[in-house]
Structure formats: structure tokens, C-alpha cells
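In my numbering, the protein residues as written are 2 to 525. Yeah, the Cβ is synthetic: ideal placement off N, Cα and C, and Gly gets one too. Right, one structure below, let's go through it.
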Amino acid sequence: MASSSSSAGPAPLTGVSLALAAVALALGTFMQVLDSTIANVALPTIAGNLGVASDQGTWVITSFAVANGISVPLTGWLMMRFGVVRTFVVSVALFTLASFLCGIAWNLPSLILFRILQGAVSGPMIPGSQALLIMIFPPDKRSTALGVWSMTTLVAPVLGPILGGWISDNFAWEWIFLINVPVGIACTWICWRFMHNRETPTVARKLNMVSFSLLVFWVGTLQLVLDTGKDADWFNSVHIVILSLLALIGFVAWLIWELNEKNPVVDLSLFKSRNFAFGVIALCAAYAVFFGNNLLMPLWLQTNMGYVATWAGLAAAPSGVVAVFLTPFVAKISNRIDARIMATISLLLFALSFYMRSLYAPDIDFGHLILPMFVMGAAMSAFFTSMITVSFRDVAPHQMPAASGLSNFARITAGSFAASLTTTLWDNYETHALNNISGAMAGGSGGGNSGGAGGVDQVIHQMMQMGLSQAQAVAAITRQVSQQAYLLATVDIFRISSIIIVGLIPLIWLSRKAMANGQVHAAD
Numbered sequence: 002m003a004s005s006s007s008s009a010g011p012a013p014l015t016g017v018s019l020a021l022a023a024v025a026l027a028l029g030t031f032m033q034v035l036d037s038t039i040a041n042v043a044l045p046t047i048a049g050n051l052g053v054a055s056d057q058g059t060w061v062i063t064s065f066a067v068a069n070g071i072s073v074p075l076t077g078w079l080m081m082r083f084g085v086v087r088t089f090v091v092s093v094a095l096f097t098l099a100s101f102l103c104g105i106a107w108n109l110p111s112l113i114l115f116r117i118l119q120g121a122v123s124g125p126m127i128p129g130s131q132a133l134l135i136m137i138f139p140p141d142k143r144s145t146a147l148g149v150w151s152m153t154t155l156v157a158p159v160l161g162p163i164l165g166g167w168i169s170d171n172f173a174w175e176w177i178f179l180i181n182v183p184v185g186i187a188c189t190w191i192c193w194r195f196m197h198n199r200e201t202p203t204v205a206r207k208l209n210m211v212s213f214s215l216l217v218f219w220v221g222t223l224q225l226v227l228d229t230g231k232d233a234d235w236f237n238s239v240h241i242v243i244l245s246l247l248a249l250i251g252f253v254a255w256l257i258w259e260l261n262e263k264n265p266v267v268d269l270s271l272f273k274s275r276n277f278a279f280g281v282i283a284l285c286a287a288y289a290v291f292f293g294n295n296l297l298m299p300l301w302l303q304t305n306m307g308y309v310a311t312w313a314g315l316a317a318a319p320s321g322v323v324a325v326f327l328t329p330f331v332a333k334i335s336n337r338i339d340a341r342i343m344a345t346i347s348l349l350l351f352a353l354s355f356y357m358r359s360l361y362a363p364d365i366d367f368g369h370l371i372l373p374m375f376v377m378g379a380a381m382s383a384f385f386t387s388m389i390t391v392s393f394r395d396v397a398p399h400q401m402p403a404a405s406g407l408s409n410f411a412r413i414t415a416g417s418f419a420a421s422l423t424t425t426l427w428d429n430y431e432t433h434a435l436n437n438i439s440g441a442m443a444g445g446s447g448g449g450n451s452g453g454a455g456g457v458d459q460v461i462h463q464m465m466q467m468g469l470s471q472a473q474a475v476a477a478i479t480r481q482v483s484q485q486a487y488l489l490a491t492v493d494i495f496r497i498s499s500i501i502i503v504g505l506i507p508l509i510w511l512s513r514k515a516m517a518n519g520q521v522h523a524a525d
């Protein structure tokens with residue numbers, strides 16, 4: 002096994018330099034992850050101000066996701082060709098410029114163009130920050146480095162909708178992007194100041210254009226399927242069927258080419274490591290469940306429980322607060338505990354949180370609503386640290402950028418699948434639940450049709466006696482039935498999520514023992 006020590010790479014930083022560089026790298030990660038979610042709640046405002054329909058405004062999200070999905074797997078090649086530090090710093094600088102351009106966009110086409118640029122140049126930011134954090138920390142502090150990285154990666158999606166809604170409500174939507182400018186400038190300067198003389202060795206290897214073209218084709222096509230499939234009614238649309246077939250053909254062609262190429266763009270040989278293979282699969286599946294539920298919760302609260310965007314976002318806030326508070330403590334004990342044990346505890350806590358949410362009732366108050374989020378925060382504090390430790394156990398220092406880029410690409414793609422599938426399943430489950438409720442009200446499950454109908458008629462009559470018109474009474478009952486159906490659909494997804502998370506635990510134990518400080522030998 003390749004040692005996880007950094008002895009073969011640049012020497013670790015120390016003291017104030019280490020602290021400043023770690024903060025700057027964390028901010029780089031935070032900006033990129035934040036920008037993947039911050040614009041979501043502001044889409045109606047953006048579309049209205051630019052004079053376009055809301056469905057056209059969704060391209061502000063799709064364009065960023067497609068460009069980012071294509072650029073992330075190129076991280077390994079870019080950092081091998083130009084160096085880890087240089088690639089990351091240039092990426093942050095260009096991301097800052099693209100954010101400024103998004104903030105001054107004058108119409109929808111210009112905003113979409115700048116969002117494509119922003120997504121394309123931001124690809125190396127997350128894997129680059131992860132690789133550099135591991136590089137600048139000494140081996141016995143690796144768990145601390147991963148803790149810093151995991152906090153920003155998990156907390157940013159929670160804060161994104163809250164911050165985006167607050168900015169769009171109280172300021173102009175342009176500030177959603179312009180706030181990146183001062184942060185990006187500071188991050189760029191600090192990273193270059195403290196790390197430019199610790200650049201990694203480079204290899205003058207040309208980019209394989211066939212492999213790159215196939216990668217752009219299948220990833221871009223897949224992202225279009227995932228981002229537009231729900232609105233197009235998925236495979237009932239000829240457009241989606243054709244795009245899906247093209248994505249599949251492109252992926253198979255790319256896979257065959259990469260496996261037979263001496264200098265591949267994406268180093269798929271990393272999956273020969275048992276830990277990397279099982280670790281990345283478990284990481285992606287668990288993150289997909291987390292991401293999908295993180296999307297579902299505020300959507301349910303806003304559309305069915307009467308919460309405004311800010312309060313729906315605040316309902317998720319306890320998870321971020323707990324994660325930030327516990328992560329330093331988890332990092333300290335991670336050096337002494339097998340990462341597989343930490344990962345198992347984290348997954349069990351995720352499962353418990355989802356199960357607690359599956360018990361939600363129609364009249365639940367805010368206090369009981371957020372209780373599972375405290376458990377979620379405890380799970381988040383150990384999740385990334387343990388999963389990455391397991392996955393990267395056998396990764397040599399010179400392979401770290403490629404491994405980070407590949408694992409993050411898989412994780413982001415899994416998140417895209419989750420975002421599309423969760424909302425689709427939610428609507429399908431709601432339809433099924435609505436049919437069941439309507440059947441019961443109509444007396445379909447015993448009692449006869451007239452009895453059921455009579456009960457509904459009696460309720461309508463009572464509501465009319467209270468001053469409502471017949472139309473108002475019917476509308477009120479319909480609204481109540483719909484809310485009940487969505488509640489049933491929501492708790493069903495939470496319950497299924499809990500089962501899926503528990504089912505991932507055996508994957509962790511198919512890998513070999515891994516310690517956050519790297520003190521593990523091949524015999525383990």
C-alpha cells in the first residue's frame with residue numbers, strides 16, 4: 002500500500018501559515034458549493050427582473066451544473082499538467098471573475114453564458130481544496146484537514162437557500178454572485194502567498210482530445226437529462242429518451258477508450274483499490290440520500306406546511322450548527338479509531354435522523370420539526386472525514402488530485418441523480434397517497450360509496466353553515482387532502498432513506514482498516 006504520508010510531496014505548513022491557508026482553502030470550497038444552491042430560491046426574482054418566464058430561468062441552474070459536471074473529472078489531468086497549487090489558485094481567480102460577470106449580467110443569455118463559465122472554471126475548486134488541505138497538514142492532523150473540508154462541503158448546501166432567499170428579499174439578486182468577489186480575491190491571494198513555493202511536480206502530458214470530447218458529450222447530455230427530465234415527464238418524452246440513449250452510448254464509448262488508453266484523462270485504475278471502490282460507492286450513495294432529503298425538506302415545508310423560505314431554511318440550520326461544533330472533537334478522536342467504525346456510526350445516525358422524520362405528523366410544531374436535524378448534524382460531523390479516510394487509504398500522494406477529482410465527480414453526479422429522482426418520487430408517491438385517501442373518503446374500502454360521499458357532503462354542509470360558500474368548502478377539503486397526501490409521500494421517502502442508509506453499512510466493512518493519521522499497514 003502507498004503510505005498516506007506526505008513525505009513524497011511538499012512539506013506540511015505550520016503555525017499561522019497553516020491556519021490562514023486552511024481558512025482560505027475552506028472558503029474556496031464554501032464559495033463553490035454555495036453557488037450550486039444559492040440561486041435556487043432566487044430564480045423567480047431573477048426571471049422576473051430579466052423579463053423571462055420562470056421555466057427559462059431554470060437554465061441559470063442547469064448551465065452551471067452541466068459545465069461543472071464536465072470540468073470536475075478533468076481535475077487530475079489539470080493538476081498533473083500545471084501543478085496542484087497553480088490549478089487551484091487560477092480556478093478560484095477565474096471563478097471570482099465569472100461571479101462578477103454574473104452579477105453585472107444584463108439579460109438572461111448573458112447570465113447563462115457567465116454561469117457556464119463559472120461552472121467550467123470551478124471544477125478544480127472542491128477536489129483541489131481537498132488535495133491541498135491534505136497536503137499542507139501533517140499526517141497526524143489529516144483528520145483535522147478533512148474535518149475542515151467536510152464542514153464547508155456539508156454546511157454550504159444548507160446555508161445556500163437561506164442566504165440566497167435573504168439576499169434576494171432584502172437586496173438585489175445580483176449580490177448573490179457579487180458577494181463572491183471579495184471572498185474570492187482574499188482566497189486567491191492567501192493561497193498563492195503561502196503555497197506558491199510548494200508547487201507539486203508537473204508532467205508535460207497533452208490532453209487526449211478524443212477522451213475529453215467523449216467526456217464532455219456524455220456528461221453534458223446526462224446533466225441535461227437530469228435537469229430537464231422532470232419537467233419533460235421523463236421517458237414519456239421522446240427528447241429525454243434520445244438524450245438518455247446518447248448519454249449511455251457516449252459513456253460506454255468513453256469507458257472503453259479510457260480503459261485502453263495509456264494516458265487517460267480520468268484515472269479509472271484507482272478503482273482497483275478495494276477501499277477506493279467500496280468507499281466511493283458508499284460515499285456517493287449516502288450523499289445522494291442526504292442531498293435528496295436536504296432538497297425535499299424545505300420544498301415540503303414551503304408548499305404544504307405554510308413556511309416561508311427563510312423559516313424553511315432555518316429548519317435545517319441545527320444540522321449545520323451541530324456539525325460545525327462537533328467536527329473538531331470528531332477530528333481529534335478520528336486518529337485513534339478505525340475509520341470504518343466512525344463511518345458506521347455516522348450512517349446509523351443518518352438513518353436515525355431519517356427515521357425520526359418519518360414520524361412527522363400533520364400538526365407538528367417547529368420544535369419537534371428540528372429535533373431530527375440535531376441528530377443529522379452529529380452524523381454530518383463524522384461523515385466525510387471517515388468516508389474519505391476509508392476511500393483514500395491506498396491512494397499514493399501523487400494520485401491524490403486525480404482521486405479527489407474522480408470521487409467528487411462521482412459524488413456530484415450522484416447528487417444530481419438524487420435531486421431529480423427525489424422530486425419525481427415525491428410527486429408519484431403523493432399521487433398514490435391521494436388516490437388512496439380519495440378512495441377511502443368515497444367509501445372505497447368498505448362502507449359503500451354513498452356512506453363515504455355522505456360524510457364528505459356533511460362536512461361541506463357544516464362548513465357552509467360556518468359562512469363558507471360551497472366552492473370555498475370544497476377547496477378547503479381539497480387542500481387538506483392534498484396536504485395529507487404530500488405528508489404521506491414525504492414520510493415514505495424519509496423511511497425509505499433510512500433503510501437505504503442502513504443497507505450501505507456492509508459496503509464499509511468490505512474495505513480494509515483505515516486510520517485518519519495514515520498509520521495502517523498492508524497487513525491490516
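Residue i, DSSP secondary structure in three states
i	result
Ser123	coil
Met306	coil
Met516	coil
Val561	Residue 561 is absent from the model: the chain starts at 2 and stops at 525.
Gly77	helix
Ala286	helix
Leu422	helix
Gly84	coil
Leu360	coil
Glu200	coil
Ile39	coil
Asn336	coil
Ile105	coil
Phe252	helix
Asn181	helix
Asp493	helix
Glu175	coil
Arg480	helix
Ser498	helix
Met467	coil
Thr15	coil
Leu511	coil
Val156	helix
Arg116	helix
Asp141	helix
Arg206	coil
Glu262	coil
Val322	helix
Cut-off 6 Å between Cβ atoms - residues of its own chain near residue i, not counting five sequence neighbours on either side
i	result
Ala286	Leu505
Leu102	Phe115
Phe292	Gly416 and Ala419
Thr15	none
Leu26	Ser130, Leu133 and Leu134
Trp301	Thr491
Sequence-distant residues of the same chain with beta carbon closer than 8 Å to residue i, five excluded per side
i	result
Arg206	Trp78, Met81, Arg82 and Asn264
Arg341	Ser387, Val391, Ile509, Trp510, Ser512, Lys514 and Ala515
8 Å contact criterion, which residue i and residue j should meet: CB distance rounded
i	j	result
Ile177	Gly165	6 Å
Ala379	Leu350	5 Å
Val34	Thr189	Incorrect: roughly 18 Å between the Cβ atoms, too far for contact.
Asn336	Val266	Contact doesn't hold; Cβ gap of about 35 Å is too wide.
Ala40	Ile62	6 Å
Ile117	Ala68	5 Å
Asn294	Gln484	The Cβ separation is near 19 Å, so there is no contact.
Val182	Ser100	6 Å
Ser421	Lys231	6 Å
Pro402	Val85	6 Å
Thr1	Ile494	Within the shown structure, residues of the chain are numbered from 2 to 525, placing residue 1 beyond reach of any answer.
Trp174	Ile47	5 Å
Cβ shell of residue i (< 7 Å), same chain only, five flanking positions each side left out
i	result
Val376	Leu350, Leu353, Ser354 and Met357
Asn108	Leu51
Ser392	Asn276, Phe277, Gly280, Val281, Leu284 and Ser408
Trp258	Val211, Ser212 and Leu215
Leu370	Ala316
Leu223	Ala248
Leu53	What sits at residue 53 in the sequence shown is Val, not Leu. Same-chain partners within the cutoff: Leu109.
Minimum Cβ-Cβ distance from residue i to chain C less than 8 Å
i	result
Leu134	Reference to chain C is not applicable here, since this structure consists of a single protein chain.
Problem - the stretch 404 to 411 in contact with the stretch 75 to 93 per 3-pair CB rule at 8 Å - result: Three or more beta-carbon pairs drawn from the stretch 404 to 411 and the stretch 75 to 93 are found closer than 8 Å, and the two stretches are therefore classed as touching.
Practice task
Assess, as a yes-or-no matter, whether the stretch 193 to 205 is touched by the stretch 385 to 393 under the definition of 3 or more beta carbon pairs within less than 8 Å.
Solution key: Short answer: they don't touch.
Handout entry: contact_flag[the stretch 206 to 220, the stretch 109 to 124] where n(CB pairs < 8 Å) is 3 or more
Key = No: fewer than three Cβ pairs fall under 8 Å.
Exercise for the section: Flag this pair as touching only if the stretch 146 to 154 and the stretch 129 to 137 have three or more C-beta atom pairs under 8 Å; answer yes or no. Expected result: With a cut-off of 8 Å on Cβ pairs, the stretch 146 to 154 is in contact with the stretch 129 to 137, counting three or more such pairs.
Exercise for the section: Identify every run of the alpha helix (DSSP H) within the stretch 366 to 417, keeping only runs that are complete inside it and at least 4 residues long; order them along the chain. Expected result: Here the runs fully enclosed are 367 to 392.
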